[in-house]
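Here the structure comes first, spelled out in structure tokens, and everything after it is commentary.
There are 2 protein chains.
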Amino acid sequence: MFEARLVQGSLMKKFMEAIKDLVKEANWDCTGTGISLQAMDTSHVSLVSLLLRSDGFDPYRCDRNISLGINMESMAKIMKCASNDDVITIRSEDHPDNVTFVFESPNQEKVCDYEMKLMDIDSEHLGIPDTEYDAIISMPASEFQRICRDLSNIGDSVKITCNKDGVQFSAQGDTGIGKIALKQNAVIDKEDGQVSIELNDPVSLTFALRYLTFFTKATPLASTVTLSVSAKNPVAVEYRVDDIGYIRYYLAPKIEEEEEN
Amino acid sequence: MFEARLVQGSLMKKFMEAIKDLVKEANWDCTGTGISLQAMDTSHVSLVSLLLRSDGFDPYRCDRNISLGINMESMAKIMKCASNDDVITIRSEDHPDNVTFVFESPNQEKVCDYEMKLMDIDSEHLGIPDTEYDAIISMPASEFQRICRDLSNIGDSVKITCNKDGVQFSAQGDTGIGKIALKQNAVIDKEDGQVSIELNDPVSLTFALRYLTFFTKATPLASTVTLSVSAKNPVAVEYRVDDIGYIRYYLAPKIEEEEEN
DNA sequence: TCCTTTTAAG
DNA sequence: CTTAAAAGGA
Numbered sequence: 000m001f002e003a004r005l006v007q008g009s010l011m012k013k014f015m016e017a018i019k020d021l022v023k024e025a026n027w028d029c030t031g032t033g034i035s036l037q038a039m040d041t042s043h044v045s046l047v048s049l050l051l052r053s054d055g056f057d058p059y060r061c062d063r064n065i066s067l068g069i070n071m072e073s074m075a076k077i078m079k080c081a082s083n084d085d086v087i088t089i090r091s092e093d094h095p096d097n098v099t100f101v102f103e104s105p106n107q108e109k110v111c112d113y114e115m116k117l118m119d120i121d122s123e124h125l126g127i128p129d130t131e132y133d134a135i136i137s138m139p140a141s142e143f144q145r146i147c148r149d150l151s152n153i154g155d156s157v158k159i160t161c162n163k164d165g166v167q168f169s170a171q172g173d174t175g176i177g178k179i180a181l182k183q184n185a186v187i188d189k190e191d192g193q194v195s196i197e198l199n200d201p202v203s204l205t206f207a208l209r210y211l212t213f214f215t216k217a218t219p220l221a222s223t224v225t226l227s228v229s230a231k232n233p234v235a236v237e238y239r240v241d242d243i244g245y246i247r248y249y250l251a252p253k254i255e256e257e258e259e260n
Numbered sequence: 000m001f002e003a004r005l006v007q008g009s010l011m012k013k014f015m016e017a018i019k020d021l022v023k024e025a026n027w028d029c030t031g032t033g034i035s036l037q038a039m040d041t042s043h044v045s046l047v048s049l050l051l052r053s054d055g056f057d058p059y060r061c062d063r064n065i066s067l068g069i070n071m072e073s074m075a076k077i078m079k080c081a082s083n084d085d086v087i088t089i090r091s092e093d094h095p096d097n098v099t100f101v102f103e104s105p106n107q108e109k110v111c112d113y114e115m116k117l118m119d120i121d122s123e124h125l126g127i128p129d130t131e132y133d134a135i136i137s138m139p140a141s142e143f144q145r146i147c148r149d150l151s152n153i154g155d156s157v158k159i160t161c162n163k164d165g166v167q168f169s170a171q172g173d174t175g176i177g178k179i180a181l182k183q184n185a186v187i188d189k190e191d192g193q194v195s196i197e198l199n200d201p202v203s204l205t206f207a208l209r210y211l212t213f214f215t216k217a218t219p220l221a222s223t224v225t226l227s228v229s230a231k232n233p234v235a236v237e238y239r240v241d242d243i244g245y246i247r248y249y250l251a252p253k254i255e256e257e258e259e260n
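The listed protein sequences correspond, in order, to chains A and B.
Just so we're aligned, residue 0 is where the first sequence starts under numbering that gives the first Met the number 0, counting upward by one.
Just so we're aligned, residue 0 is where the second sequence starts under numbering that gives the first Met the number 0, counting upward by one.
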């Protein structure tokens, strides 16, 4: 059987919120090392990758590797039935037709039990990039969310330009031009609330704000977001979640022709 | 060139919120004494007058009088990209096609730069009344907002009746009649949180609540609002903003025939 | 202008 | 933690 108990159930709720707008259905792959999911978004433009390590659960038991084919909308609906302080347990058989979600209130007085039908989903081959990056930018997740929201008022895409002094986000549209410059902090790298940049090569790339805005649904999961940028390669947008894993999004840059439209 | 730096940038955001629902486009007139704006609302019923004195900015520089023709909706969108604690700088050339808004975070780590196209706007002649008033009523701005909101539930217009004892706001509609009476406080005039009345002549006039409600969008700008009322003349609704200026609205009373409708 | 979201208080 | 009020976004 498979059983994974997550004491901080609110995390599972947040992970679900961070995926459901992008991916309609996907396989949750459960193995001894943990639960992982990779999927393209519905329009096959961006890619989501999720990892929940087994040591983030207590207990975690996986007798046999299984792949749970899940309709995200249905699972999101069920997750909304969990309170933020509930303990969430995911359970299924070795050859499952169903998955069960159990929500237990902290005082043990309320136990909710939701059984959801599974589906057969062809696991598509996903080329998850494994690149050296030209620049790795860390910043407060809320700040990145704010930048994406603000620049969406100006235009459809954002140009991210990174050099040793800092990073600039810019957009243009009918009403004018917007530019947001962040200086790198002089303090030790990756401290919370700080902008830090590891730079190998200066880089300037353009991305569709629509997708970046979807990615920022993960903001409640982490205080810091990391953008790993590389010329002509997809950007990786990562939210690391303490003690359990991460959610990563990948999005290819717009090529020059598209930029000029 | 023209450059005006406002340390308390949130003020500019609030001024924008106080205008944008009423006026679609207007000229911001920039001179050595400050920035002013006068405009009729879209339906040409009420009038807005705004003054931001140069001494409220630091620094303020205006080499040549200029008139910035601004689409309020676009500017409002840009102002929403400023955080409340940002320092806002407005900048343009002597013969500008564009205006630039710069938002600097207090710690200087984030600098946003929005460039907006200007438009040519015919400056209409505005008959701003310069009247002796029969009554000048000061009251907490939030109280006036509450009165307008409450009476909007009852009817479309409010009758403001002022005599030496106090001021009464009344509305009637299909469901009945609502009356709100405020007594003048016995304390020294114009202390914050107090109702005070300077009365020359008792007066009773009726106004469209729709517009008064628009005016109360300026409530966050000031703790006190002043209503200057005069028989048969437009009421002036003024919000004075410490150290920088004011926003004033003018609205003609309904005449008797309309009142009876 | 209305609704969702976020935050503050009980 | 639940509810309610205020703020922000659509």
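Glycine residues also receive a C-beta, built at the ideal position from the N, C-alpha and C atoms.
If you're wondering where the values come from, they're calculated on a predicted model, not measured in any experiment.
Consider the Cβ of residue i: report whether some Cβ of chain A lies at a distance smaller than 9 Å.
| i | result |
| --- | --- |
| D119 (chain B) | no |
| M115 (chain B) | yes |
| D20 (chain B) | no |
| V110 (chain B) | yes |
| K76 (chain B) | yes |
| K79 (chain B) | yes |
| S73 (chain B) | yes |
| M26 (chain B) | As written in the sequence, residue 26 (chain B) is Asn, which differs from the Met given in the question. No, N26 (chain B) does not count as interfacial toward chain A. |
| Q7 (chain B) | no |
| N83 (chain B) | no |
| N232 (chain B) | no |
| V70 (chain B) | According to the sequence displayed, residue 70 (chain B) carries Asn and not Val. Yes, its Cβ sits closer than 9 Å to a Cβ of chain A. |
| G107 (chain B) | Here residue 107 (chain B) is Gln; the residue named in the question, Gly, does not match the sequence. Yes, contact with chain A. |
Could you tell me which residues DSSP puts in a beta bridge with residue i?
| i | result |
| --- | --- |
| E2 (chain A) | A:R60, A:R90 |
| D112 (chain B) | A:K178, B:V101 |
| M206 (chain B) | Note on identity: in this sequence residue 206 (chain B) is Phe, with Met being the wrong assignment. According to DSSP, which records beta bridges pairwise, F206 (chain B) is partnered with B:V157. |
| N232 (chain A) | DSSP output for N232 (chain A) lists no bridge partner at all. |
| E197 (chain B) | B:I135 |
| E237 (chain B) | B:T225, B:R247 |
| N70 (chain B) | B:E24 |
Can a CB atom of chain B be found closer than 9 Å to the CB of residue i?
| i | result |
| --- | --- |
| D149 (chain A) | yes |
| V98 (chain A) | no |
| V224 (chain A) | no |
| K189 (chain A) | Bear in mind that the predicted position of K189 (chain A) carries a pLDDT of just 48, short of 50, making it unreliable; the figure below should be weighed with that in mind. Answer no: the Cβ-Cβ gap between K189 (chain A) and chain B never drops below 9 Å. |
| Y245 (chain A) | no |
Mind listing which residues of the stretch 173-186 of chain A have their C-beta closer than 9 Å to chain B's C-betas, in chain order? D173, T174, G175, I176, G177, K178, I179, A180, L181, K182, Q183, N184
Ranges of the alpha helix (DSSP H) found wholly within the stretch 7-68 of chain A, counting only runs of at least 4: 9-18
Any C-beta of chain B within less than 7 Å: which residues of the stretch 126-159 of chain A qualify? D149, N152
Three CB pairs or more closer than 8 Å across the stretch 119-127 of chain A and the stretch 94-105 of chain A: The stretch 119-127 of chain A is not in contact with the stretch 94-105 of chain A.
Can you pull out the residues from the stretch 35-54 of chain B whose beta carbon lies closer than 8 Å to at least one beta carbon of chain A? none
Which runs of the alpha helix (DSSP H) spanning at least 4 residues fall entirely within the stretch 120-190 of chain B, listed in chain order? Runs found: 140-151.
Taking 8 Å as the cut-off, does the stretch 42-56 of chain A touch the stretch 145-153 of chain A (at least 3 CB pairs, one atom from each stretch)? no
Taking 8 Å as the cut-off, does the stretch 3-11 of chain B touch the stretch 76-86 of chain B (at least 3 CB pairs, one atom from each stretch)? yes
Under 8 Å, with one C-beta from each stretch per pair, do the stretch 137-148 of chain B and the stretch 208-216 of chain B reach the 3-pair mark? Taking a cut-off of 8 Å for Cβ pairs, the stretch 137-148 of chain B and the stretch 208-216 of chain B touch, as three or more such pairs fall below it.
Is there contact between the stretch 242-253 of chain B and the stretch 36-56 of chain B, where contact requires at least three CB pairs shorter than 8 Å? yes
Can at least three beta-carbon pairs, one atom from the stretch 102-120 of chain B and one from the stretch 80-89 of chain B, be found at a separation below 8 Å? yes
Quick one, which residues of the stretch 194-214 of chain A are near chain B if we go by CB-CB under 8 Å, in chain order? V194
Does the stretch 202-209 of chain A come close enough to the stretch 160-168 of chain A that 3 or more CB-CB pairs lie under 8 Å? yes
Okay, do the stretch 19-30 of chain A and the stretch 105-113 of chain A touch, 3+ Cβ pairs below 8 Å being the bar? Below 8 Å, too few C-beta pairs join the stretch 19-30 of chain A and the stretch 105-113 of chain A to call them touching: fewer than three.
How about the stretch 169-186 of chain B and the stretch 231-241 of chain B: do they share at least three Cβ pairs that are nearer than 8 Å? no
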